[in-house]
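**Q** Numbering (the working numbering), first residue to last: 164 to 354. The structure follows.
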Amino acid sequence: MQVFLETDRLVLRRFTSADADDLVSLDADPDVMRFITGGVRTSREEIENEVLPAFLGYYQRYERYGFWAVIEKETGEFLGWFHFRPREGGAPGEIDLGYRLRKSAWGKGYATEGSRALIRKGFTEFGVQRVVAQAMAVNQASRRVMEKAGLTLVRTFHQPWPYPIDGDQFGDVEYALDRTGWQQLGGSGAG
Ligand SMILES: CC(C)(COP(=O)(O)OP(=O)(O)OC[C@H]1O[C@@H](n2cnc3c(N)ncnc32)[C@H](O)[C@@H]1OP(=O)(O)O)[C@@H](O)C(=O)NCCC(=O)NCCS
């Protein structure tokens with residue numbers, strides 16, 4: 164296993180084509196998909212033909228950015244993923260942070276732990292200038308993770324989305340943290 168990053172409780176590693184089943188089961192939980200598709204699962208066909216190839220494609224283009232599988236150290240279980248990737252249309256050094264974890268892993272601080280570690284690595288080793296994250300305004304758990312990782316609200320916006328989701332009238336939020344802000348926090352995320 165090629166370890167990309169290790170925290171107290173998590174290992175982040177590259178995806179492989181052997182991860183299809185875990186991705187199918189992650190996206191099969193309507194609660195996991197609630198603020199993404201309104202609860203609609205991702206088909207196996209889409210995972211195998213689109214999602215996983217897209218994840219693997221990042222490793223061809225970037226050494227340091229892309230999608231990372233999250234493994235719980237204690238159990239060896241697959242918990243989900245983080246993405247830490249160049250922001251589409253963003254300035255150089257601007258990175259988009261995201262996460263999706265199995266429901267059984269929620270509420271243990273894992274998303275915050277992984278996000279802080281990625282942010283630290285980005286600012287200290289990768290030359291990242293700014294980390295950005297977006298969520299539906301009503302996705303309180305995701306917003307809380309952003310806040311705990313030191314990001315602050317930049318704007319609320321509305322974008323067309325193919326899935327009707329409860330709360331989409333409140334739009335989406337964007338949070339960000341730049342290098343200077345991170346240093347001012349003591350270089351540890353918010354905590
Ligand atoms: C978002 C997600 C990754 C968070 O993972 P996690 O490991 O549970 O996050 P953490 O434990 O680090 O922190 C969650 C925080 O949100 C809070 N929270 C969770 N649900 C909440 C809710 N409905 N309202 C308010 N706060 C909530 C938790 O209490 C915790 O904050 P605290 O430490 O101040 O108590 C997880 O919920 C998930 O995978 N959701 C489905 C996919 C998704 O929506 N991804 C984000 C798309 S933008």
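Even for Gly, the Cβ is constructed at its ideal location relative to N, Cα and C.
In the DSSP assignment, find the unbroken alpha helix (DSSP H) run with threonine 179 in it and report its ends.
**A** Premise fails: threonine 179 is in no alpha helix (DSSP H) and is neither H nor E.
**Q** Please confirm whether any heavy atom of ligand 1 lies closer than 7 Å to the CB of tyrosine 225.
**A** No - ligand 1 has no heavy atom lying nearer than 7 Å to the Cβ of tyrosine 225.
**Q** Flag this pair as yes or no: are the beta carbons of valine 295 and isoleucine 282 separated by less than 8 Å?
**A** No.
**Q** Assuming phenylalanine 218 contacts glycine 229 (C-beta within less than 8 Å), just tell me the rounded distance between them.
**A** Confirmed, about 7 Å.
**Q** Going by CA-CA distance only, name the one from Ile258, Thr205, Phe198 that's closest to tyrosine 225.
**A** Answer by Cα proximity: Ile258.
**Q** Does phenylalanine 286 pass the burial test, meaning 16 or more other C-beta atoms within 10 Å, or should it be called exposed?
**A** That one is buried.
**Q** Quick one, are the C-beta atoms of phenylalanine 333 and alanine 300 less than 8 Å apart?
**A** Cβ atoms of phenylalanine 333 and alanine 300: closer than 8 Å.
**Q** Return the chain-ordered list of same chain residues with a C-beta closer than 7 Å to the C-beta of leucine 186, the five sequence neighbours on each side being excluded.
**A** If we look at leucine 186 and ignore the five residues flanking it on each side, its Cβ neighbours are Ile210, Val214, Leu215.
**Q** In its own chain, which residues sit with a C-beta less than 6 Å from the C-beta of alanine 191, not counting the 5 before and 5 after it?
**A** So the qualifying residues of the chain are Arg204.
**Q** Over what stretch of residues does the alpha helix (DSSP H) that includes tryptophan 345 continue unbroken?
**A** First-last of the alpha helix (DSSP H) with tryptophan 345: 342 to 347.
**Q** Excluding the five sequence neighbours on either side, which residues of its own chain have a C-beta within less than 7 Å of the C-beta of valine 317, listed in chain order?
**A** Excluding sequence neighbours, valine 317 sits near Glu337, Tyr338, Ala339.
**Q** Express the C-alpha separation of tryptophan 231 and glutamine 165 in angstroms, rounding to a whole number.
**A** Near 11 Å, if we compare the C-alpha coordinates of tryptophan 231 and glutamine 165.
**Q** Which residues does DSSP pair with leucine 189 in a beta bridge?
**A** Leucine 189 is not bridged to any residue.
**Q** At 4 residues or longer, and completely inside the segment 205 to 292: list those alpha helix (DSSP H) runs for me, N to C.
**A** Listed in chain order, the complete alpha helix (DSSP H) runs (minimum 4 residues) inside the segment 205 to 292 are 215 to 224, 273 to 284.
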